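Structure, as structure tokens:
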């Protein structure tokens, strides 16, 4: 009996490690850094970890929906850029600068791009990579052309106390945007786990043909997923505009790959059908932690990028191996 119990406990531990490898690595790294690096333990440094990821994190919530659904969205960087520019334009050039109008116009960018992506993928059956890469290029092109037409080729800078306070204020020493991002994580996880739409996101990503036979409207579900991606990216663009008091066509060029990396590092399968917004938060924290450690150690930025790439490739390789091992 004792031998059987020990074997069961051993299997439980192995199963936990397989499911939560990145969480274990993250916690071990945190413990080591707390024990060896006094500057890491500062409250400001911990808050800084979250502050680094909150804007891209909002967009990564939308990317999580897409990857679970068996899709992805390369256009999100262009949406961030164009949404930041549109909100900045309202604040800079309208006779009566209105933050509400600025926010709504920024959101409209995400809605339009999300709907276009969804329609092209679901109705015209164009490859997702081709569609979203094209709308990314178009979004950046529109942003740059818009700036050139205004005679401000680099950016639109403005001043507004309300938006500045939103982007740079804090409660209890924690920035508003960090609080907002954490709320987005909770809301996103709730939608995925507790709503019909969220359950269909998993189902369609897991097996679209079975869903079609079960009467699930796959095209509608994918349309909504692309809409979520567009809106989350536009919210990130509005946040970036408020934080920097600037809209720019150069924003967020690395966002799609960063978001995908965070989702994958968190353990969401690129094959679709499984994943979690909370796990994406973990992936974002891992990326932020790596950057934080490298900065504290004053490691060259080019070496940082190389090591980050190796970590992501290694993580995906291990994850795929463990998934195959579990299935065999």
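Numbering (my numbering), first residue to last: 64 to 391. Yeah, the Cβ is synthetic: ideal placement off N, Cα and C, and Gly gets one too. Remember, it's a predicted structure, so these values are computed and weren't measured experimentally.
Relative to the C-alpha of residue i, which residue among the options is closest?
i: residue 333; options: 284, 126 and 188; result: 126
i: residue 356; options: 235, 218, 99 and 223; result: 99
i: residue 309; options: 279, 150, 115 and 118; result: 150
i: residue 92; options: 351, 377, 364 and 366; result: 351
i: residue 246; options: 272, 326, 146 and 118; result: 118
i: residue 208; options: 313, 274 and 97; result: 313
i: residue 303; options: 211, 228, 185 and 266; result: 228
i: residue 192; options: 339, 369, 320 and 370; result: 320
i: residue 169; options: 371, 156, 146 and 370; result: 146
i: residue 213; options: 370, 282 and 153; result: 153
i: residue 380; options: 275, 260 and 324; result: 324
What does DSSP give as the partner residue(s) for residue i in the beta ladder?
i: residue 234; result: 237
Return helix, strand or coil for residue i, following the three-state DSSP convention.
i: residue 220; result: strand
i: residue 159; result: coil
i: residue 279; result: coil
i: residue 133; result: coil
i: residue 138; result: coil
i: residue 261; result: helix
i: residue 180; result: helix
i: residue 95; result: helix
i: residue 214; result: coil
i: residue 188; result: coil
Going along the chain, which residues of its own chain have a beta-carbon closer than 7 Å to the beta-carbon of residue i, five neighbours each way excluded?
i: residue 112; result: 348, 351, 352 and 355
i: residue 138; result: 176, 180, 195, 198, 199 and 202
i: residue 264; result: 128, 131, 132, 255, 284 and 288
i: residue 122; result: 139, 143, 295, 296, 299, 318 and 322
i: residue 404; result: This structure does not reach residue 404, given that the chain is present from 64 up to 391, and the question cannot be answered.
Who are the Cβ neighbours of residue i in its own chain at under 8 Å, not counting the five residues just before and after it?
i: residue 174; result: 290, 293, 294 and 297
i: residue 345; result: 85, 86, 89, 328, 329 and 330
i: residue 373; result: none
Once the 5 residues before and after residue i are set aside, which same chain residues still bring their CB inside 6 Å of it?
i: residue 109; result: none
i: residue 367; result: 357
i: residue 244; result: 117, 120 and 121
i: residue 97; result: 104
**Message:** To test your reading of the DSSP string, which unbroken beta strand (DSSP E) runs of 3 or more residues are found completely within the segment 288-325?
**Reply:** none
**Item:** Entirely enclosed alpha helix (DSSP H) segments - the segment 318-376, minimum 4 residues
**Value:** 318-328 and 340-359
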